[in-house]
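Numbering (my numbering), first residue to last: 1 to 244.
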């Protein structure tokens, strides 16, 4: 595992070289974060990962080891670092083809420990979504997540359908079941996620979105509805808002 420790060190050094203490404080306050921040933007984080790992031959064991090491505190007694965790999520996204159904437990752990949309959303949409689409065995896991007490896990179940539905594929029946069960929730991040998926799906399948949201217009939250109708045509949008 010598390569793994060296690669993690190089990623961490690349992140620290781009650190901005002022930004770190602002971001920590904005995200209401309980962990440390370096103050690195998302584009800078991606460049740091790409630069540090240029030419690295990463297999699945190395990927999982790097993710665990980056996710953990950088040293005993320290707090985890947001940008290190973001780099771990980026590594998973860049190497998602290496993941297997057996990695679901690790992904669930990361989602539970994220505590912020800034980590959950990329993990759920790009990593879990990709793995779930090619691994039918992930379905029962998503079903369990959709009924979890942790709203970040429920949000992850919803967002796992985002990219396939946006691209004209995906399991709309599964998403619809999840969304129906969560439609009356008060949690903003659930309401927003339902609307977000519907909005993106309507790029290619507006009629299906319209037919789903119209009979639910009176019970969906304002946040959900505003997102859901954003890309519908004027007639459909007016009908949904009138039903509201």
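All residues carry an ideal CB built from backbone N, CA and C; glycine is no exception.
- Message: Distance check for residue 62 and residue 74, CA to CA, integer angstroms please.
- Response: 18 Å
- Message: I'd like to confirm the pairing. Which residues does DSSP put opposite residue 81 in its beta bridges?
- Response: 36
- Task: Please report how far the alpha carbon of residue 118 lies from the alpha carbon of residue 227, in whole angstroms.
- Result: 19 Å
- Item | Given residue 189 as reference, the closest of 217, 150, 173 once Cα atoms are compared | 150
- For residue 45 versus residue 15, is the C-beta spacing smaller than 8 Å? yes
- Query: residue 109 lies in the alpha helix (DSSP H); which residues open and close that run?
  - Reply: Its alpha helix (DSSP H) spans residues 104-114.
- Query: In three-state DSSP terms, what is residue 180?
  - Reply: helix
- Query: Three or more C-beta pairs closer than 8 Å, one from the segment 196-204 and one from the segment 223-243: is that the case here?
  - Reply: These segments touch.
- Measure the Cβ-Cβ separation of residue 153 and residue 111 and say whether it is below 8 Å. yes
- Item | Candidates 27, 135, 67, of which the one nearest residue 160 by Cα | 135
- Query: DSSP on residue 192, reduced to helix/strand/coil?
  - Reply: Reduced to three states, the DSSP call for residue 192 is helix.
- Message: Counting C-beta neighbours from all protein chains within 10 Å, is the total for residue 180 16 or more, i.e. buried, or is it exposed?
- Response: exposed
- Item | Completely contained beta strand (DSSP E) runs for the segment 2-36, where each covers 3 or more residues | none
- Supposed close pair residue 128, residue 107 - CB separation, criterion 8 Å: With 8 Å as the limit, residue 128 and residue 107 qualify as a contact, their Cβ atoms being about 6 Å apart.
- Message: Can you check which of these residues, 93, 69, 178, is closest to residue 12 by C-alpha distance?
- Response: The shortest Cα separation from residue 12 among 93, 69, 178 belongs to 69.
- Any idea what DSSP makes of residue 130, helix, strand or coil? helix
- Between the CA atoms of residue 114 and residue 50 - distance to the nearest angstrom: Within the model, the alpha-carbon separation for residue 50 versus residue 114 is close to 22 Å.
- Going straight from the alpha carbon of residue 120 to that of residue 157, what length do you get? 11 Å
- Return the chain-ordered ranges of every beta strand (DSSP E) run that is complete within the segment 120-174 and spans a minimum of 3 residues. none
- Query: Under a three-way DSSP split, which group does residue 63 fall into?
  - Reply: helix
- Tell me which same chain residues have a C-beta within less than 6 Å of the C-beta of residue 256, skipping the five on either side of it? Past the boundaries of the shown model lies residue 256; the chain is included only from 1 to 244, so the question cannot be answered.
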